[in-house]
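For the sequence shown, the tail end lands on 222 under numbering that gives the first Met the number 0, and the numbers increase by one without skipping. Structure record follows, encoded as structure tokens.
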Amino acid sequence: MERKDDENREIMIQAISSLVYEQWERLSRDPYLVPVGISARHVHLSREHVDQLFGQGYLLTPMKYLSQNGQFACLEQVAVQGPKGGFQKVRILGPERAKSQVEMSASDCRFLGIEPVVRTSGEIDNTPGIRLKGPSGEVSLKQGVMVADRHIHMTQADAAWFGVSDRDRVNVRVPGPKGGILSHVVIRVSTDSRLDFHIDTDDANAFQLKQGQWLPVRKEMFE
0 MERKDDENRE
10 IMIQAISSLV
20 YEQWERLSRD
30 PYLVPVGISA
40 RHVHLSREHV
50 DQLFGQGYLL
60 TPMKYLSQNG
70 QFACLEQVAV
80 QGPKGGFQKV
90 RILGPERAKS
100 QVEMSASDCR
110 FLGIEPVVRT
120 SGEIDNTPGI
130 RLKGPSGEVS
140 LKQGVMVADR
150 HIHMTQADAA
160 WFGVSDRDRV
170 NVRVPGPKGG
180 ILSHVVIRVS
190 TDSRLDFHID
200 TDDANAFQLK
210 QGQWLPVRKE
220 MFE
């Protein structure tokens, strides 16, 4: 039994050492890298709309915790309906928000018959509306549909390392045969963030990016 424990311990040490070496090697090539997080279409709901869609007092069920602290994908899904089309199973992300919003790619918006509007999450003024359907009711949002801007979550320590501040804009360079520059990437600094570069499925597909891929940040700012 003791020998087996020693073998398992050695395997664990080797695995951790490999991960540390891989990270060190990556940073030695370029110290200003961010991991890619690809966001598919999803919905954030207010307390009022959770009640209307799922029943009074219903509590959303965490299914998987996400890269940002306290945020999670829910077991629950809703249908969304636009003027020209709809999606039947759109994942809800928690926790609840002050205002409901629906984040889509530009391709999703065109399929639904909605004009794509790029916004920072939470800034829903003058965005299109949409209809949501849950097991206990329906909600017609007058506004709240957006294409989320490209953004990088980071802590104050990360920001100091990268030499940026909250709301700065930077470039992210993509290597490879379908590579290029992802520009106008917004920096979002908060104490409870984890370093993550968030893009939607349109950007990911256009640049052939994968979840967790590391990309270099360039500090060119935009007015």
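Beta carbons are placed, not taken as given, at the ideal position from N, Cα and C, and that holds for glycine. Since the model is a prediction, treat every value here as computed from it, not as a measurement.
Look at residue 147 here: in three-state DSSP terms it is strand.
Shown here for residue 39: same chain residues with a beta carbon closer than 6 Å to its own, the five before and five after excluded, namely 200 in chain order. Here DSSP, grouped into helix, strand and coil, assigns residue 109 to helix.
Scanning the segment 141–208 for uninterrupted alpha helix (DSSP H) segments of 4 residues or longer gives 155–161, 200–205, listed from N- to C-terminal end. About 6 Å separates the beta carbon of residue 173 from that of residue 179, a gap short enough to meet the 8 Å contact definition. Counted as a single uninterrupted DSSP element, the beta strand (DSSP E) harbouring residue 74 occupies residues 71–80. About 20 Å separates the beta carbons of residue 52 and residue 84, which is beyond the 8 Å limit, so they are not a contact pair. Between the alpha carbons of residue 196 and residue 203 lies a gap of roughly 11 Å.
Distance between residue 134 and residue 48, taken at the CA atoms: about 12 Å. In this structure, residue 99 and residue 59 do not form a Cβ contact; the two beta carbons are roughly 13 Å apart against a cut-off of 8 Å.
Residue range 46–53 is occupied by the alpha helix (DSSP H) that includes residue 52. Note that the segment 120–134 does not touch the segment 62–70; fewer than 3 beta-carbon pairs, one per stretch, sit closer than 8 Å.
Between residue 95 and residue 46, the C-beta gap is smaller than 8 Å, which places the two residues in contact. For residue 101, the uninterrupted beta strand (DSSP E) segment begins and ends at 100–102.
Between the alpha carbons of residue 43 and residue 206 lies a distance of about 27 Å. If you draw a 10 Å sphere on the C-beta of residue 212, you find 16 or more other C-beta atoms in it, and that means buried.
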